[in-house]
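Chains as they are written, first to last, in the numbering used here: chain A, 1 to 111; chain B, 1001 to 1116. All C-beta atoms in this analysis are idealised placements derived from N, C-alpha and C, irrespective of residue type, glycine included. These notes are about the structure you will find just below.
Pasting the structure below:
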């Protein structure tokens, strides 16, 4: 089983739609959680951290369920500029700050 | 502006040739990382360094080598022993102090390596 799993998509949604991405992780020792965004042929960039109580940043809402080892990202009122691949990222403390990137979920927002 | 730079943007390697990818950061970060990304796969860790003059193998270190002589620089050499080097190579850095946010990694723009 992969350490971090995501639905690869692609998700094709119309502008203005709400879309949700799911992510599961296998190591219960995971401590920190993030969503990164990666545009085509570009580097990943931090979108938001994910906190235990859930958190929101504008149109983006992230949720964490430690018991189920599950993370989600909700995008409301999708914009064309949201088209990208969204990477679920999990971090844990080992001999170093181990960070594991999921394979990503591709989103295309259609006019 | 603070950030991470990688060069070149594209690199072509001939069979049996060693090539070196550059990574420089002026964020004053202690930790630096090299990842490889293949289509449809997540980032895989090649090497990491938490402090100058120290580095450790990641999950796929075979066929690669690194050095960390300066805090700002973490070059990656793809050796001829790496039989399938075609990929997108990403360098990242992060603070390595305790406390929240230390795991947040900031990436350079990447280098695409192609084999001729």
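Does DSSP put residue i in a helix, in a strand, or in coil?
i	result
residue 1043 of chain B	coil
residue 57 of chain A	strand
residue 80 of chain A	helix
residue 52 of chain A	coil
residue 1062 of chain B	coil
residue 1015 of chain B	coil
residue 1116 of chain B	coil
residue 87 of chain A	strand
residue 1107 of chain B	strand
residue 1074 of chain B	coil
residue 1027 of chain B	coil
residue 5 of chain A	strand
residue 111 of chain A	coil
Going along chain A, which residues have a C-beta under 7 Å from residue i?
i	result
residue 1090 of chain B	43
residue 1048 of chain B	96
So which residues on chain B does residue i lean against when the C-beta distance must stay under 7 Å?
i	result
residue 32 of chain A	1103
residue 102 of chain A	1042
Do you know whose CA, among the options, lies nearest residue i's CA?
i	options	result
residue 1114 of chain B	B:1057, B:1086, B:1035	B:1086
residue 1107 of chain B	B:1116, B:1074, B:1081	B:1074
residue 6 of chain A	A:49, A:29, A:35	A:35
residue 1026 of chain B	B:1019, B:1072, B:1103, B:1076	B:1072
residue 91 of chain A	A:23, A:101, A:85, A:78	A:101
residue 1082 of chain B	B:1069, B:1065, B:1092	B:1065
residue 51 of chain A	A:31, A:41, A:26, A:2	A:31
residue 1105 of chain B	A:28, A:48, A:2	A:48
residue 22 of chain A	A:110, A:38, A:109, A:65	A:65
Just checking: is the beta-carbon of residue i within a distance shorter than 8 Å of some beta-carbon in chain B?
i	result
residue 99 of chain A	yes
residue 67 of chain A	no
residue 46 of chain A	yes
residue 50 of chain A	no
residue 91 of chain A	yes
residue 8 of chain A	yes
How would you list, in chain order, the residues of chain A whose beta-carbon sits under 8 Å from the beta-carbon of residue i?
i	result
residue 1107 of chain B	43, 44, 45
Under 9 Å Cβ-Cβ, which residues of chain A neighbour residue i?
i	result
residue 1094 of chain B	97, 99
residue 1110 of chain B	41, 42, 43
Starting from the beta carbon of residue i, find every residue of chain B whose beta carbon is closer than 8 Å, and list them in chain order.
i	result
residue 4 of chain A	1042
The ligand FAD heavy atoms versus the CB of residue i: any closer than 7 Å?
i	result
residue 26 of chain A	As far as ligands go, the structure on display features none, and thus does not contain the ligand FAD.
Please confirm if residue i has its CB atom under 8 Å from at least one CB of chain A.
i	result
residue 1082 of chain B	no
residue 1056 of chain B	yes
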